[in-house]
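Protein chains in written order, with my numbering: chain A, 28 to 284; chain B, 28 to 284. By construction, the Cβ of each residue, glycine as well, lies at the ideal position given by its N, Cα and C atoms. Computed from a predicted model, the values in this text were never measured in an experiment. Contents: one structure, followed by commentary.
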DNA sequence: CGACGTGAAATCCTATAGGATCTATGAAAT
DNA sequence: ATTTCATAGATCCTATAGGATTTCACGTCG
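Right under this line is the structure:
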């Protein structure tokens, strides 16, 4: 019996072409290159990525389940239309349901969760600073408006990613893989919501303060505090998102008097 | 502006081959024809269904997301292994989270929900009667054990379907499509759990009584009663499922002394 | 007797081709 | 001018073929 490593051949980089194509299409969708409602051509993507339609097809089946694209039999895929106001409200209720449950299950927080939250929050604050900087740049003289917009979008994406990381830390420590999956599934919808935001991020201070309150709640001895803090946070996010958009500014093309 | 019908061309029967293949494979998986852990050959299914591998591939990508099959890159698909005890507990917690939230949102119940629940419960009771009958048949002299087993499995499937219908009625009336989707996603996992049950259904009376309590709670003026009744129901189901199986009785073929 | 290497069969994976369906453009008729 | 119809192009959908990888059986060696 030699001391051969007990299958250290971890399944590193053991992915098929389908997964690479999936990530690539996801990138295309998240950058908003294709407008909502527009067609997502299978053959077109295959040509663009220099692959055959088969893996593209598989990736799209997967993406359909995330809600980013919709399929109509024999008519192909389309980028999902923007969320309507009603869907928005339902989405926030669903998030509140899942995340408060996860927060409750993660209570009381162990040291690992506390430190992970602190680290994630620090990154989130840094991203928030950059958002504020780029927003100021946008307000003052814009020599190169295109470049300014690009860097602002980049800062916003970073900010959202760090925001999500913060929530994911709690999910990871709730000990329930099904809640984690549900939260991830909702994540794609949340992204659609953010992509529909016409104006920049205006609630950096509020969001960071609410996250800080969640951390403090986890540190407090009250076992009901974290869940309450999370519920308050998500409700405030919903409130801010719903009051700013009087109605989802989609094309108002359906009027029947 | 004429009064052209607002697209009444209902999309009836507008499915591709992929959907048919999906349903057929689902049927195969739900009947338990392939044992957990066993391989699900793409080419084999294609030959069996007289189709090409491409639609089979798409259907399997879809099924992978439901959790009924698992994929390993370059190694194909397998039927998901049976749920471990830990997964079971997590699954029930997730169900409790989603279904209690849906119940709360469906409160107060309108007349349509009440009548729908009553109808669904009546069907559930009939299915329960059949389960009891077939169970008695199974206990007494079995001339044709094969046929007896088949009819008993059939009764159990009907019972579970009607059970699920009851819960789905509440989901439909909660007004949140994301909670509905989540509940459906969990449904496949629940099925895996039931398939792993070696013994028959032993809690028909308890389950029906708890469902009746939910109906009565919806009829009562107390707005917190339905949610509490649903929570109690799911926790009792979890309790009964977890005490009967000391450990998931999978084939004990892995022993390394 | 067990471990290891080799070969063939099976399987997965990707690419290409052709039939079926949908979309769009343009001409003809009312 | 508007509607209708027909044709052409594009796209989706399915089938088939071949390369790459895995799996399994068999024979060999320690």
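Within chain A, 100 have C-beta atoms less than 7 Å from the C-beta of residue 42/B, given in sequence order. The alpha-carbon of residue 218/A is positioned some 9 Å away from that of residue 187/A.
Straight through space, the alpha carbons of residue 160/A and residue 88/B are spaced by roughly 43 Å.
Residue contact with chain B for residue 130/A: absent (no Cβ-Cβ distance below 8 Å to any residue of chain B). For residue 67/A, the beta-bridge partners assigned by DSSP are 104/A. By the neighbour-count criterion, in which a residue is buried when 16 or more other Cβ atoms sit within 10 angstroms of its Cβ, residue 67/A is buried. A residue is called buried when at least 16 other Cβ atoms come within 10 angstroms of its Cβ; residue 83/B meets this threshold and is buried. Put simply, the backbone Cα of residue 135/B is about 13 Å away from that of residue 198/B. A Cβ-Cβ separation of about 5 Å places residue 109/A in contact with residue 223/A under the 8 Å criterion. Contacts with chain A (Cβ-Cβ distance below 7 Å) from the segment 236-270 of chain B involve no residue at all. Not one beta carbon of chain A lies nearer than 8 Å to the beta carbon of residue 199/B.
Counting along the chain, residue 96/A sits inside the beta strand (DSSP E) bounded by residues 96-99.
Nearest to residue 86/A by alpha-carbon distance, out of 124/A, 262/A, 54/A, is 54/A. Secondary structure at residue 253/B: helix, using DSSP grouped into helix, strand and coil. A distance of 8 Å or more separates the beta carbons of residue 263/A and residue 241/A.
Shown here, residue 111/B sits in coil according to DSSP, grouped into three states, outside any helix or strand. For residue 147/A, the closest Cβ of chain B is not nearer than 8 Å. Among the residues of chain B, none has a CB under 8 Å from the CB of residue 195/A; the nearest is roughly 17 Å distant. The residue among 162/B, 137/B, 119/B with its C-alpha nearest the C-alpha of residue 200/B is 137/B.
Among the CB atoms of chain A, one or more fall inside 8 Å of the CB of residue 205/B. Contact check for residue 254/B against residue 124/B fails: the beta carbons are separated by 8 Å or more.
Among the residues of chain B, none has a CB under 9 Å from the CB of residue 140/A; the nearest is roughly 18 Å distant. In this structure, the alpha-carbon of residue 70/B lies about 16 Å from that of residue 106/B.
The C-beta of residue 125/B comes closer than 8 Å to at least one C-beta of chain A.
In the same chain as residue 261/B, and ignoring 5 residues on each side of it, the C-beta atoms closer than 8 Å to its own belong to 119, 122, 123, 126, 127, in chain order. With a threshold of 16 other beta carbon atoms within 10 Å, residue 210/B meets it and is buried.
Cβ-Cβ separation between residue 93/B and residue 212/B: approximately 7 Å, consistent with a contact (criterion under 8 Å).
By the rule that beta-carbons nearer than 8 Å mark a contact, residue 81/A touches chain B. The continuous alpha helix (DSSP H) containing residue 93/A extends over residues 80-93.
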